[in-house]
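Residues in the sequence shown are numbered from 71 upward in steps of one, following this note's numbering. Step one of this worksheet: look at the structure below.
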Amino acid sequence: MSYIQTKVQSQEEASRDSIIVRTSILGIAANLFLAAFKAAAGLLSGSIAVVLDAVNNLSDAASSVITIVGTKLAARQPDKKHPFGYGRIEYLSAMIISVIVLYAGITSLTESVKAILHPEAPDYSPLTLVIIAVGVVVKILLGRHVKAVGQRVNSDSLVASGEDARLDAVISASTLAAAVIYLLFSVSLEAWLGAVISLVIIRSGVGMLRDTLSQILGERAEASLAREIRQTVCSFPEVQGAYDLILNNYGPDAFNGSIHIEVADTMTADRLDTLIRSITREVYARHNIILTAVGIYAVNTQDEEAAALQREVYRITLANPHVREIHGFYYDRDERTMRMDIVVSLDAPDRPAVVAEVCKALSAAYPDITPHLTLDTDFAEE
Numbered sequence: 071m072s073y074i075q076t077k078v079q080s081q082e083e084a085s086r087d088s089i090i091v092r093t094s095i096l097g098i099a100a101n102l103f104l105a106a107f108k109a110a111a112g113l114l115s116g117s118i119a120v121v122l123d124a125v126n127n128l129s130d131a132a133s134s135v136i137t138i139v140g141t142k143l144a145a146r147q148p149d150k151k152h153p154f155g156y157g158r159i160e161y162l163s164a165m166i167i168s169v170i171v172l173y174a175g176i177t178s179l180t181e182s183v184k185a186i187l188h189p190e191a192p193d194y195s196p197l198t199l200v201i202i203a204v205g206v207v208v209k210i211l212l213g214r215h216v217k218a219v220g221q222r223v224n225s226d227s228l229v230a231s232g233e234d235a236r237l238d239a240v241i242s243a244s245t246l247a248a249a250v251i252y253l254l255f256s257v258s259l260e261a262w263l264g265a266v267i268s269l270v271i272i273r274s275g276v277g278m279l280r281d282t283l284s285q286i287l288g289e290r291a292e293a294s295l296a297r298e299i300r301q302t303v304c305s306f307p308e309v310q311g312a313y314d315l316i317l318n319n320y321g322p323d324a325f326n327g328s329i330h331i332e333v334a335d336t337m338t339a340d341r342l343d344t345l346i347r348s349i350t351r352e353v354y355a356r357h358n359i360i361l362t363a364v365g366i367y368a369v370n371t372q373d374e375e376a377a378a379l380q381r382e383v384y385r386i387t388l389a390n391p392h393v394r395e396i397h398g399f400y401y402d403r404d405e406r407t408m409r410m411d412i413v414v415s416l417d418a419p420d421r422p423a424v425v426a427e428v429c430k431a432l433s434a435a436y437p438d439i440t441p442h443l444t445l446d447t448d449f450a451e452e
């Protein structure tokens, strides 16, 4: 990657980080403001739901602080210990926020159950209702803004915070509805309503935590992105096929990868070097992905027997329902061998057994040619 590409990438990362920090600071200010007023309203009215709502706003402010800290840490430059950078810290930040949401839901459920067992009549004032209503509006606007920004800059932490704010708006709206019902019919539903809302928060926290852990473990690349990268690579006339695309995620929008290409067996080393460098630059320019390696498969171009053999081998191999693709085929007339990679579906109950079956079928069809088969995986398989 050139100096110019590195500089542009650093500028883009700095802009993204500043957007995340500014949005998080806005969230902190809004949540502290709401927490103060709701706490006062809850204590004056004796409403456990309003007090819990205030505590929830404090947890949201803490989530925004974690987002800022995580973003700053993730922006650290690569070093000897972590040569691919610290981008994955953002996933850890999102995980911590998910745990906070989960804890808030469990705490809220505990307090709601206590209120159900030992009910106390609340005393709502017009000021309390106004504060709750303002909280609903602020949380709706804040949640939509934070989530939209998070999706635009691909920040899981901001998306999680925005989703949490949306749930808070539902909580506040439900609390307001419970207050109105109590004032009109003298029926207190807030403890039961708090329990239901708590279960919704717990469910959301579990879902957020599950998604974040899945990203930390490593998910496959989006099939659409994989297709686009292959199309870019195959746009070069010398490339007859692109396979074995592997993308490693080192944080949001931070991918390194490798790919294999099929080229004519007559290409010289200098032409291959020029082609590989051109492919690397084009993939980075179009997709912001660094290809750290481009492997080569040689294609028979001067042997009609090899071409006929390849067509028949493909027919026999693809007859197996678990084989998705074949590539890298090469026939060595002198050694009497044929080599290829076989992509076996991840849904196959025994993938090595599939390769053994294909090898047996090819040996039966061509007893004088030794097949060398490599089990391969499509890491973007849908």
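We put the beta carbon where it would ideally sit given N, CA and C, even for glycine.
Taking the Cα of R385 as reference, the smallest distance to any Cα among A431, S258, A243, I138 is reached at A431. Between the C-alpha atoms of L162 and S227 there is a straight-line separation of about 9 Å. Pairing I331 with D420, the inter-Cα distance amounts to about 28 Å. Contact between T350 and L361 is confirmed by a C-beta separation of about 5 Å, below the 8 Å threshold.
Here the segment 145-152 does not lie against the segment 261-277, with fewer than 3 beta-carbon pairs under 8 Å apart.
In its chain, beyond the 5 residues on either side, F107, K108, A111 have a beta carbon closer than 7 Å to the beta carbon of I201.
If you check the CB distance, T440 and R403 do not come in under 8 Å. K209 counts as buried, since no fewer than 16 other beta carbons sit within 10 angstroms of its beta carbon. When secondary structure is reduced to three states using DSSP, F306 falls in the coil class, being assigned neither helix nor strand. Listed in chain order, the alpha helix (DSSP H) elements of length 4 or more contained wholly in the segment 232-318 are 260-287, 293-304. Per DSSP, reduced to three states, the secondary structure at S415 is coil, with no helix or strand assignment. Only residues of its own chain outside the window of five on either side were considered, and among them N319 have a CB closer than 8 Å to the CB of E289, listed in chain order. Less than 8 Å separates the beta-carbon of I396 from that of M410. Counting of Cβ neighbours within 10 angstroms places I159 among the buried residues, the total reaching 16 or more.
Contact check for I186 against A247 fails: the beta carbons are separated by 8 Å or more. For T177, the uninterrupted alpha helix (DSSP H) segment begins and ends at 159-187. With fewer than 16 neighbouring CB atoms inside 10 Å of its own CB, G365 falls in the exposed class.
A straight line joining the alpha-carbon of L96 with that of F399 spans about 57 Å. Judged by beta-carbon spacing, G213 lies within the 8 Å limit of G232, meaning their Cβ atoms are closer than that value. Within the same chain, Cβ atoms closer than 7 Å to the Cβ of V223 are found at R86, I89, I90, the five residues on either side in sequence being excluded.
It is roughly 8 Å from the alpha-carbon of L263 to the alpha-carbon of T245. In the assembly as shown, D234 is a buried residue. Its beta-carbon has 16 or more other beta-carbons within 10 Å. In the three-state reduction of the DSSP assignment, H215 falls in the helix class, which pools H, G and I. An exposed status is given to L283, since fewer than 16 other beta-carbon atoms sit within 10 Å of its beta-carbon. In this structure, DSSP gives E352 a helical state, which the three-state scheme calls helix.
For A174, same chain residues with a beta-carbon under 7 Å away, outside a window of 5 residues either side, are N126, S129, I271 in chain order. By DSSP's assignment, D446 forms a beta bridge with V413. Excluding residues up to 5 positions away in sequence, I251 lie with their Cβ nearer than 7 Å to the Cβ of V257 in the same chain. In this structure, H357 sits near I299, with a CB-CB distance shorter than 8 Å.
In chain order, S129, A132, S133 place their CB closer than 7 Å to the CB of I170, counting only its own chain and leaving out the 5 sequence neighbours on each side. Under the three-state reduction of DSSP output, F154 falls in the coil class, being neither helix nor strand.
Assigned with DSSP and collapsed to three states, G220 falls in helix. Per the coordinates, the alpha-carbon of S94 lies some 22 Å from the alpha-carbon of G277. A431: member of the alpha helix (DSSP H) spanning 421-435, first to last residue. According to the DSSP assignment, R394 belongs to the beta strand (DSSP E) that extends over 393-402. Relative to the Cα of T371, the nearest Cα in the group T387, Q380, D335 belongs to D335.
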